[in-house]
Amino acid sequence: MAEDPSASSKRLQISFSKVSSIVEPNWSKLQPELLRLILSKLSFAQFIRFKAVCSSWNSIAKSYVSSLRQVPWLLLPGNQEHHAYCFFSLEDNKTYQIKNIGNLFDSSIEVWDFHASLPIKKREIHPSTTREMLEATKCFGNLHSCQTYLVESSGDLLLVLRYIGNFVNKEGEVVDEAYLLTGDSTQPLVCPYQTLMFHVCKLDSREQKWVGVDNLKDEVLFLGGNHSMSLLAQYCSGFEKNSIYFTDDNWNQMNEDDLYGGHDLGKFSLEEKIVKPFYACDLRRIDPPPFWIVPNPW
């Protein structure tokens, strides 16, 4: 006996109705506990996208406080006329442009001394010269310069020495300034300064001395003129452990020549003892120079 076509059509409609009710959940009604668990796994860029899903997700995100430190982003020059800035994320290897956030450089840094009975505002800092710095200067001579950083890392105080070749040719060789004027050309050769290596020391508080560190283990260091910090590699997607990521803060040489500056950024592997690029850029001069920021989604 042939089946009634109308009955078959009704069953098909009911079946589609059931499937439709299954595949169309109301994501805005997810439990807050589940949403907070999701938030704990997200990077900064993912966090921003999470907030844009719906009003309920945005509300949960605003009240959420992460226990993890955010991974730094690299702030690059943008269109300052329209108050637009570019940010490079090493986590997803993407550059983001954000508009209408005002002028980030309309600010200042003040240093205060709170040891006195009344706080005293300091205008200049004159750091002492360590024995390690004197030895490095003697070893590298006047073809190199050295910059120092203090970084807190898992409860330890690290002294990081950064060795920079004052003039480095295309072959990566450090040359004397007289090398720039050789040949028949009336224009001197352009050999920008370049970071060549790092040396890391850890403070032994009991012995009151610096001890050399050959391995940062799972730590990643971020160095720059405005911000230096240490993070665990397991919380830094896309970063290499036992490495130093650095930006250009060689202010003295940066201002001496309009042909280059802000270009000296990269990553240094303590295991391989070599410097590699992490941001593809062929520019000799980046003005203002890139520096690290820690994004805050709250």
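For the sequence shown, the UniProt record's numbering assigns the number 298 to the last residue and increments by one with no breaks. Note that beta-carbon positions come from the ideal geometry of N, C-alpha and C, so glycine has one too. Values in this document were obtained by computation on a predicted structure and should not be read as measured data.
What number of angstroms, rounded off, separates the C-alpha of residue i from the C-alpha of residue j?
{"i": "Arg284", "j": "Gly261", "result": "7 Å"}
{"i": "Val71", "j": "Leu157", "result": "20 Å"}
{"i": "Leu216", "j": "Ile38", "result": "30 Å"}
{"i": "Asn169", "j": "Tyr235", "result": "37 Å"}
{"i": "Ser56", "j": "Leu74", "result": "31 Å"}
{"i": "Ile286", "j": "Val53", "result": "36 Å"}
{"i": "Val151", "j": "Arg36", "result": "31 Å"}
{"i": "Phe44", "j": "Cys281", "result": "24 Å"}
{"i": "Lys51", "j": "Val174", "result": "50 Å"}
{"i": "Ser63", "j": "Leu270", "result": "40 Å"}
{"i": "Phe198", "j": "Cys191", "result": "21 Å"}
{"i": "Glu272", "j": "Leu196", "result": "13 Å"}
{"i": "Gly155", "j": "Leu189", "result": "46 Å"}
{"i": "Asn103", "j": "Gln208", "result": "Low confidence applies to Asn103: its pLDDT is 47, below 50, so where it sits in the model is not reliable, and the reading given next is rough at best. Looking at the two C-alpha atoms, the distance is approximately 44 Å."}
{"i": "Ile101", "j": "Ser28", "result": "For Ile101, the pLDDT reaches just 49, beneath the cut-off of 50, and the residue's location in the model is therefore unreliable, although a value from the coordinates is still provided. Those two C-alpha atoms are separated by around 29 Å."}
{"i": "Gly172", "j": "Asp92", "result": "29 Å"}
{"i": "Cys201", "j": "Val213", "result": "5 Å"}
{"i": "Asn58", "j": "Gly225", "result": "34 Å"}
{"i": "Gln46", "j": "Ser237", "result": "13 Å"}
{"i": "Asn142", "j": "Ser40", "result": "49 Å"}
{"i": "Ile274", "j": "Tyr193", "result": "16 Å"}
By Cβ distance below 6 Å, which residues in the same chain neighbour residue i in space, the five residues on each side in sequence not counted?
{"i": "Met229", "result": "Phe222"}
{"i": "Asp218", "result": "Leu232, Ala233, Lys241"}
{"i": "Lys267", "result": "Ser243, Tyr245, Lys276, Phe278"}
{"i": "Ser153", "result": "Glu219, Ser230"}
{"i": "Tyr149", "result": "Val160, Leu223, Ser228"}
{"i": "His126", "result": "Only weak support exists for where His126 lies, its pLDDT of 38 falling under 50; the value from the coordinates is given anyway. Nothing listed; no residue qualifies."}
Which class does residue i belong to by DSSP, given the choice of helix, strand or coil?
{"i": "Glu33", "result": "helix"}
{"i": "Ile286", "result": "coil"}
{"i": "Ser269", "result": "strand"}
{"i": "Phe198", "result": "strand"}
{"i": "Arg49", "result": "helix"}
{"i": "Tyr96", "result": "strand"}
{"i": "Ser43", "result": "coil"}
{"i": "Asp234", "result": "At residue 234 the sequence reads Gln, which differs from the Asp that was named. Helix."}
{"i": "Lys241", "result": "coil"}
{"i": "Ser59", "result": "helix"}
{"i": "residue 299", "result": "What is shown of the chain runs 1 to 298, which leaves residue 299 out entirely."}
{"i": "Ser145", "result": "strand"}
{"i": "Ser28", "result": "helix"}
Sorted by chain position, which residues of the same chain lie with C-beta nearer than 8 Å to residue i's C-beta, five sequence neighbours on each side aside?
{"i": "Gln147", "result": "Leu161, Arg162, Ile164, Asp249, Asn250"}
{"i": "His227", "result": "Pro72, Phe291, Trp292, Ile293, Val294"}
{"i": "Asp204", "result": "Trp210, Val211"}
{"i": "Leu42", "result": "Phe50"}
Can you name, in chain order, every residue of its own chain whose Cβ lies under 7 Å from the Cβ of residue i, other than the five neighbours on each side?
{"i": "Ser145", "result": "Ile164, Asn166"}
{"i": "Ser265", "result": "In the sequence as displayed, the identity of residue 265 is Leu instead of Ser. Phe246, Thr247, Asp248, Tyr279, Pro290, listed in sequence order."}
{"i": "Phe88", "result": "Trp73, Leu74, Leu76, Thr95, Tyr279"}
{"i": "Arg206", "result": "none"}
Is the CB-CB distance between residue i and residue j below 8 Å?
{"i": "Ile60", "j": "Pro25", "result": "no"}
For a cutoff of 8 Å on Cβ pairs, would you count residue i as touching chain B?
{"i": "Pro192", "result": "Reference to chain B is not applicable here, since this structure consists of a single protein chain."}
Am I right that residue i and residue j are in contact with their C-beta atoms under 8 Å? What's the rounded C-beta distance?
{"i": "Phe239", "j": "Leu90", "result": "6 Å"}
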